[in-house]
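2 protein chains.
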Amino acid sequence: MSTNIPLLEAFKQTKYQLVGHGNRNLQVLKEAFEHMDGEQESDMYGTGNLIEEFQSKMAAFLGKESAVFFPSGTMAQQIALRIWCDRKELKKVAYHPLCHLEIHEEDGIKELHNIEPILLADKNRVIELEDIVGMTEDVSCILLELPQREIGGQLPSYETLEAISVYCREKGIKLHLDGARLYEITPYYQKTAAEICSLFDSVYVSFYKGIGGVAGAILAGERDFTEESRVWKKRHGGDLISLYPYIVSADYYFNKRSQNMAEYYEGSKELATLFNECEGVSTLPLEPVSNMFHVHFQLSKETIESILVKIYEETGIGFTHYVRETGEESCYYEVSIGDRYATIPKENLKIAFQKLSEKMKEEVSQ
Amino acid sequence: MSTNIPLLEAFKQTKYQLVGHGNRNLQVLKEAFEHMDGEQESDMYGTGNLIEEFQSKMAAFLGKESAVFFPSGTMAQQIALRIWCDRKELKKVAYHPLCHLEIHEEDGIKELHNIEPILLADKNRVIELEDIVGMTEDVSCILLELPQREIGGQLPSYETLEAISVYCREKGIKLHLDGARLYEITPYYQKTAAEICSLFDSVYVSFYKGIGGVAGAILAGERDFTEESRVWKKRHGGDLISLYPYIVSADYYFNKRSQNMAEYYEGSKELATLFNECEGVSTLPLEPVSNMFHVHFQLSKETIESILVKIYEETGIGFTHYVRETGEESCYYEVSIGDRYATIPKENLKIAFQKLSEKMKEEVSQ
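As you go down the protein sequences, you meet chains E and G in turn.
Counting along the first sequence from 1, when you hit position 288 you're at 288 in the numbering used here, and nothing is skipped either side.
Counting along the second sequence from 1, when you hit position 57 you're at 1057 in the numbering used here, and nothing is skipped either side.
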């Protein structure tokens, strides 16, 4: 089985796509600015109505006293951990082995801030209270990522979160929320963002995952914390003269999509079921707890790519633009449900999964 | 003498303004994107045609092997100095006492990178070869800011630059150019940007001063240097999923304005002459060497504000939106000539300066 068309190219030619909101192209910005008044003044180095109003809005949404807009979550989270370390005069934090800071930031937390991370839990599961209680070293801060993206977006139970929060407050350990996908977990927990954030001392949220904006992040907490974060934002080179391109688009897509998270979540569960009905395919988690999950195949990357390209060509439905090898005979990709999923006619979806099921059965049984 | 209208408000109501290109409002972005194809793909974490083509264009313009786009100069320059320090295993650099890193970045270079700066020259003049030859300590890198903004945008002679470059190469000291206003000095030196940059190992340029873009910076040098800078860019939280809002606008306004620097420079010299003809007013430098200079008044901030508000109301010409106190009976503001200056009818300009001259004479002689 072979094909000459790469998966990415085949994906781009499909009529429908299972994942995401749409293409990440310049139209995303243009749409957000279309109805904005050109006379509106830019923010200026973190000041001005445009940035201040959005920060206040997000602080209220997250139930925190104050919020600061950052160009990136990488910057916001390193700074949050640095502040908590400085307060306790202890440059140690704890987080999951697959934490964004540990695997996607070129060790910025260590190289720029000299902070030593302690890795909690096995990398294949979420952090539980026992992992924290069992720590042999003191730390200034624990970071929880909800959902844990690199293992398909898994979540601890809400009771576990509450217990961790109580424990950390007792022990004088600050609790920071990596809420890159915070909006996306509110339907599963049946809690508001503010309720979830109340368990944490500081929280970061993103505007280009579930929200689908251009880029940008918010860091929220008590005012003395966010004021200190502004100083570090300048040190990091993040206090740009104008952040409005990100703020305007963050606000626009927040208004457009923050109410849709339950719909994305339902789509995610429905889609995971379809995958799990196919031989040699399983989702992680088996039942999603947000708009995201991972799809694992028990066949080689090359075989799966061939199968997918054929399905794309035969049905016009694109599943993914990539798959990543996990072994000689296994691979996976990540699903994030957005606006696109609901636009796919159910009949077409059914046909695409019939084909996937048939082709998988054929290949697995070989 | 008193007025009830603040200077900023009066300035905003004027028909003409002596400084800048225009208001920093959302229209700056909208104009840049108006003719862009919405289907064009975003850059993705530093890759993609949109960012790569602009980086290549700027590398060629600056005569360097490679260039990397950064969200800010603060980030780009700290990283440049860090790389040079790591190469020499010596965390010491030298720069002017009024260097941006020393006074505008909350000590990021020290707090994030543990780099110790040695301050060269008296703060009221530019760095000369003798200051460098006279250094008693070795350093990894010397940063020169051309023009030296905080003293009105002064420049050393080109021969001095050449001599410093030769000396640093002999001594194994890297030379970095803070070229936030590099385009603006090419008419005075009668050199291309690439010719000036050839004296330096690394260079940063900005896109929102003379160019008038939204924000953003380029760091350029040899490829191994810029590749290393990408790693630090990620550590700093500057490797955003999408930097295109800044890149598209940087490119648009670079194309629109980089050819206008000689015109701005001529305007600057003309305007400085008009100021220097008024009693109690002088410019620094006396004859500008770029599109910028400082205007110093030998009267209190309050008196000057009153005088300016009256002139704005009487002539419709706005000089500045602020003045800064330097003593009880002295104050100043910064001039940057941009697109606006050429739009002012010469007759109106003449009247405004006649009024300034009269009012200054009246007040100085009191």
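Every residue gets a Cβ at the ideal spot worked out from N, C-alpha and C, and that includes glycine.
State the CB to CB distance for the pair residue i and residue j, rounded to an integer number of angstroms; the pair is presumed to be in contact (CB under 8 Å).
i	j	result
residue 147 (chain E)	residue 181 (chain E)	6 Å
residue 355 (chain E)	residue 311 (chain E)	5 Å
residue 276 (chain E)	residue 317 (chain E)	18 Å between Cβ atoms; not a contact.
residue 203 (chain E)	residue 246 (chain E)	Wrong, their Cβ atoms sit about 18 Å apart, outside the cutoff.
residue 298 (chain E)	residue 329 (chain E)	6 Å
residue 1189 (chain G)	residue 1210 (chain G)	Contact doesn't hold; Cβ gap of about 15 Å is too wide.
residue 301 (chain E)	residue 288 (chain E)	About 23 Å; that fails the 8 Å criterion.
residue 1337 (chain G)	residue 1028 (chain G)	So it is not a contact: roughly 18 Å between Cβ atoms.
residue 1145 (chain G)	residue 1099 (chain G)	6 Å
residue 303 (chain E)	residue 363 (chain E)	6 Å
residue 137 (chain E)	residue 156 (chain E)	Between residue 156 (chain E) and residue 137 (chain E) the Cβ distance is about 22 Å, and since that is not below 8 Å, they are no contact.
residue 66 (chain E)	residue 221 (chain E)	7 Å
residue 340 (chain E)	residue 22 (chain E)	7 Å
Does residue i have its Cβ less than 7 Å from a Cβ in chain E?
i	result
residue 1035 (chain G)	no
residue 1019 (chain G)	no
residue 1072 (chain G)	yes
residue 1353 (chain G)	no
residue 1245 (chain G)	yes
For residue i and chain G, any beta-carbon pair shorter than 7 Å?
i	result
residue 9 (chain E)	no
residue 2 (chain E)	Because residue 2 (chain E) sits at a pLDDT of 46, beneath the cut-off of 50, its placement in the model cannot be relied upon, and the following sentence gives the value as read from the coordinates. Closer than 7 Å: no.
residue 231 (chain E)	yes
residue 209 (chain E)	no
Name, please, each residue of chain E whose Cβ falls closer than 8 Å to the Cβ of residue i.
i	result
residue 1040 (chain G)	25 and 26
Residue i versus chain G: which residues are under 7 Å apart at the beta carbon?
i	result
residue 176 (chain E)	Simply none; closest approach about 15 Å.
residue 215 (chain E)	1240, 1241 and 1242
residue 106 (chain E)	1231, 1234 and 1235
Can you pull the chain G neighbours of residue i, defined as C-beta to C-beta under 9 Å?
i	result
residue 75 (chain E)	1236, 1237 and 1238
residue 117 (chain E)	The contacting residues do not exist; residue 117 (chain E) stays about 14 Å from chain G at best.
Closer than 8 Å by beta-carbon distance: list the chain G residues that pair up with residue i, in chain order.
i	result
residue 78 (chain E)	1237
Could you tell me which residues DSSP puts in a beta bridge with residue i?
i	result
residue 23 (chain E)	Residue 23 (chain E) is not bridged to any residue.
residue 1284 (chain G)	G:1294
residue 239 (chain E)	Per DSSP, none; premise fails for residue 239 (chain E).
residue 317 (chain E)	E:16
residue 1331 (chain G)	G:1297 and G:1325
With 16 as the cutoff for other CB atoms within 10 Å, does residue i come out buried or exposed?
i	result
residue 1166 (chain G)	exposed
residue 1049 (chain G)	exposed
residue 236 (chain E)	buried
residue 133 (chain E)	exposed
residue 178 (chain E)	buried
residue 1013 (chain G)	exposed
residue 224 (chain E)	exposed
residue 103 (chain E)	exposed
residue 1002 (chain G)	Per-residue confidence for residue 1002 (chain G) stands at a pLDDT of 46, beneath the threshold of 50, marking its modelled position as unreliable; the derived number appears in the next sentence. With fewer than 16 Cβ atoms within 10 Å of its Cβ, residue 1002 (chain G) is classed as exposed.
residue 260 (chain E)	buried
residue 1174 (chain G)	buried
residue 1071 (chain G)	buried
residue 370 (chain E)	Any property of residue 370 (chain E) remains undetermined from this structure, which presents chain E solely from 1 to 366.
residue 306 (chain E)	buried
Taking Cβ-Cβ distances shorter than 7 Å, what residues in chain E pair up with residue i?
i	result
residue 1111 (chain G)	235
Are the C-beta atoms of residue i and some chain C residue less than 7 Å apart?
i	result
residue 29 (chain E)	The structure shown has no chain C; the protein chains it does contain are E and G.
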